[in-house]
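Below is one structure, written out as structure tokens; comments come after it.
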Amino acid sequence: MRRRRRPALDVLLPGLVLAVVVAMALVPQAFTTGDPERCVLSRSLEGPSAGHLFGFSLFGCDYWTDTVYAARTSVAVAALTVVGTVAVAVVLGSLAGFCGGWVDVLVSRATDVWASLPLLLGAIVVLSGLQARGIVVMSAVLVLFGWPALVRLQRATVLQVASRDHVLAARALGASPARVLLRHVLPGALRPLLAYASAYAGLVVGVEATLTFVGIGLEQPTLSWGLLLLQAQTRLAQAPHLLLPAGLLLLAVGSLVLLGQALQRRTADLAR
Numbered sequence: 003m004r005r006r007r008r009p010a011l012d013v014l015l016p017g018l019v020l021a022v023v024v025a026m027a028l029v030p031q032a033f034t035t036g037d038p039e040r041c042v043l044s045r046s047l048e049g050p051s052a053g054h055l056f057g058f059s060l061f062g063c064d065y066w067t068d069t070v071y072a073a074r075t076s077v078a079v080a081a082l083t084v085v086g087t088v089a090v091a092v093v094l095g096s097l098a099g100f101c102g103g104w105v106d107v108l109v110s111r112a113t114d115v116w117a118s119l120p121l122l123l124g125a126i127v128v129l130s131g132l133q134a135r136g137i138v139v140m141s142a143v144l145v146l147f148g149w150p151a152l153v154r155l156q157r158a159t160v161l162q163v164a165s166r167d168h169v170l171a172a173r174a175l176g177a178s179p180a181r182v183l184l185r186h187v188l189p190g191a192l193r194p195l196l197a198y199a200s201a202y203a204g205l206v207v208g209v210e211a212t213l214t215f216v217g218i219g220l221e222q223p224t225l226s227w228g229l230l231l232l233q234a235q236t237r238l239a240q241a242p243h244l245l246l247p248a249g250l251l252l253l254a255v256g257s258l259v260l261l262g263q264a265l266q267r268r269t270a271d272l273a274r
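Residue numbers (the numbering used here): 3 to 274.
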């Protein structure tokens with residue numbers, strides 16, 4: 003009997019939302035004709051109008067334009083952090099799971115120790131001591147404190163894949179350890195990691211916005227959703243349209259988490 007496939011909507015809908023957010027980051031001119039550097043202070047906090055559907059910011063900038071261009075920052079931080087964290091996980095997790103012995107013990111103990119430092123708390127401690135806090139620095143700090151969970155997942159997956167028949171057959175035929183790992187283990191072990199990375203990207207976007215909102219994240223002149231919310235926090239009662247970045251932030255984070263969960267379910271189905 004053929005297994006019924008789940009409806010693709012759990013992947014397509016969040017994927018569509020994320021495609022729009024990424025398009026905003028890559029081609030902001032397709033979503034707005036405004037210039038984020040063109041501000042008129044006399045229009046500060048002016049509400050929505052026919053020509054400016056989402057009003058103006060505290061500094062008299064078109065708020066929709068600022069929000070669209072701020073998507074670049076979230077996408078850049080998420081991409082750099084996820085790529086860096088996945089790279090660390092692939093190297094350390096694969097070595098621990100495949101080599102075993104003292105390598106596994108060393109990586110596992112280091113992972114356990116580092117995992118005791120919460121991501122948000124660790125980032126706060128490090129960033130509060132830095133003067134320059136740009137996109138690259140923010141991403142590096144998030145990689146520094148975010149890798150343990152992904153390393154654990156990769157190690158567990160490699161252990162599982164390494165015990166499969168085709169891997170054991172490759173070893174029996176005399177394939178070198180490096181060839182077995184690269185050709186037979188990693189292709190099957192990467193799928194769960196990449197599925198989890200989608201949901202992890204949502205966490206990264208939320209953490210970046212949180213750190214910026216509390217004043218120890220990204221700084222001007224960088225445009226970010228967290229920075230827009232920081233500037234608006236004392237003016238929301240007067241100008242409720244300033245909540246726009248919060249709405250897009252929740253939509254992006256929710257879509258990433260839902261997409262990651264859907265991909266993880268499909269990965270689990272394929273492994274059965």
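Ideal placement from N, C-alpha and C gives every residue a C-beta, glycine not left out.
With 16 or more other CB atoms across the displayed protein chains lying within 10 angstroms of its CB, leucine 192 is buried. Separation of the CB atoms of glutamate 48 and phenylalanine 58 is rounded to 4 Å, and the pair is thereby assigned contact status at 8 Å.
No beta strand (DSSP E) of 3 residues or more sits fully in the region 8-62. A distance below 8 Å between beta-carbons, with the five flanking residues on each side excluded, links valine 209 to the following residues of its chain, in chain order: Leu121, Leu122, Ala125 and Leu144. Sorting Ala10, Ser51, Val70 and Val23 by C-alpha distance to the C-alpha of threonine 35 places Val70 at the top. In this structure, the beta-carbon distance from glycine 228 to threonine 214 falls below 7 Å. In the same chain as isoleucine 137, and ignoring 5 residues on each side of it, the C-beta atoms closer than 8 Å to its own belong to Thr75, Ala78, Val79, Leu82, Leu220 and Thr224, in chain order. Selection Thr236, Pro247, Gly176 and Ala241 evaluated against alanine 211 yields Pro247 as nearest (Cα-Cα).
Fully contained in the region 226-257 are the following alpha helix (DSSP H) runs of length 4 or more, in chain order: 227-234. DSSP places isoleucine 218 in no alpha helix (DSSP H); its state is neither H nor E. Taking the Cβ atoms as the reference, leucine 184 lies roughly 10 Å from phenylalanine 100, outside the contact range of under 8 Å. With fewer than three CB-CB distances shorter than 8 Å, the region 253-264 does not count as touching the region 164-175. The region 147-167 makes no contact with the region 237-251, as fewer than three CB pairs between them are under 8 Å. According to DSSP, aspartate 64 shares a beta bridge with Phe58. Non-local C-beta neighbours of proline 38 in its own chain, meaning closer than 7 Å and more than five positions away in sequence, comprise Cys63, Thr67, Asp68, Tyr71 and Leu225, ordered along the chain. Taken through DSSP and simplified to helix, strand or coil, arginine 166 comes out as coil.
Each residue's CA atom was taken as its position, placing valine 115 and alanine 234 some 39 Å apart. A buried status is given to proline 194, since no fewer than 16 other beta-carbon atoms sit within 10 Å of its beta-carbon. Nearest to alanine 151 by alpha-carbon distance, out of Ala174, Val163, Leu108 and Ala199, is Ala199. By the 16-neighbour rule on beta-carbons within 10 angstroms, tryptophan 104 is exposed.
Residue state for glycine 102 is assigned as coil, using DSSP reduced to three classes. If you ignore the 5 residues before and after methionine 26, its C-beta comes within less than 7 Å of the C-beta of Phe33, Val70 and Ala73, all in its own chain and listed in chain order.
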